[in-house]
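Numbering (the numbering used here), first residue to last: 8 to 160. For glycine and all other residues, C-beta sits at the position ideal for the given N, C-alpha and C. The structure appears right after this line, and notes come after that.
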């Protein structure tokens with residue numbers, strides 16, 4: 008409906024997880040969702056309710072999680088988190104390298120499925136072998152990332 012004349016191939020949905028540097032985790036003794044309330048929060052400007060939604064998913068209600076620093080891109084939230092500025096709430100697929108290297112750790116195992124989804128759009132009714140190869144490759148990469156995240160988080 009939003010993409011007339013296009014065939015949509017779904018790639019993945021989005022889940023966001025709280026991450027911080029090992030120093031922040033140690034300094035604020037982060038482990039449970041409630042412990043995150045003690046740490047500085049890193050926000051994405053366009054997702055101002057994300058932290059409140061995450062706390063609500065943890066049954067921590069009536070929290071006004073607005074304190075902390077605001078950034079306009081996830082990449083900036085990730086850099087701030089790796090720089091020990093606080094706890095970032097970011098899509099898990101964006102931080103596989105940081106988690107793998109240990110410069111970021113997931114604070115706890117609570118993730119929040121946002122409802123956002125990612126698709127590749129191709130012209131409807133047109134067979135495109137290169138697009139199919141790319142879509143297959145993307146799905147393989149996503150599966151690898153999801154498998155990695157399940158084994159490390």
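If I follow the unbroken alpha helix (DSSP H) through residue i, where does it start and stop?
i: residue 105; result: 103–108
i: residue 34; result: 29–34
Have a look at residue i and residue j and give me their C-alpha separation to the nearest angstrom.
i: residue 88; j: residue 76; result: 11 Å
i: residue 15; j: residue 106; result: 31 Å
i: residue 70; j: residue 31; result: 21 Å
i: residue 59; j: residue 144; result: 35 Å
i: residue 61; j: residue 39; result: 12 Å
i: residue 54; j: residue 103; result: 21 Å
i: residue 26; j: residue 132; result: 42 Å
i: residue 74; j: residue 57; result: 13 Å
i: residue 20; j: residue 33; result: 31 Å
i: residue 79; j: residue 155; result: 27 Å
i: residue 141; j: residue 117; result: 32 Å
Hey, would you say residue i sits closer than 8 Å to residue j, going by beta carbons?
i: residue 149; j: residue 99; result: no
i: residue 29; j: residue 112; result: yes
i: residue 94; j: residue 81; result: no
i: residue 22; j: residue 121; result: yes
i: residue 128; j: residue 10; result: yes
i: residue 146; j: residue 18; result: yes
i: residue 86; j: residue 37; result: no
i: residue 84; j: residue 51; result: yes
For the beta strand (DSSP E) containing residue i, name the first residue and the last one.
i: residue 82; result: Looking at the DSSP string, residue 82 is not in any beta strand (DSSP E); the run it does join, the alpha helix (DSSP H), is 81–89.
i: residue 97; result: 94–98
i: residue 76; result: 76–78
i: residue 48; result: 48–51
What is the DSSP secondary structure of residue i, reduced to helix, strand or coil?
i: residue 56; result: coil
i: residue 124; result: strand
i: residue 67; result: coil
i: residue 17; result: strand
i: residue 44; result: helix
Given 8 Å, three or more beta-carbon pairs between the segment 38–52 and the segment 62–77: Between the segment 38–52 and the segment 62–77 there are three or more C-beta pairs closer than 8 Å, enough to call the two in contact.
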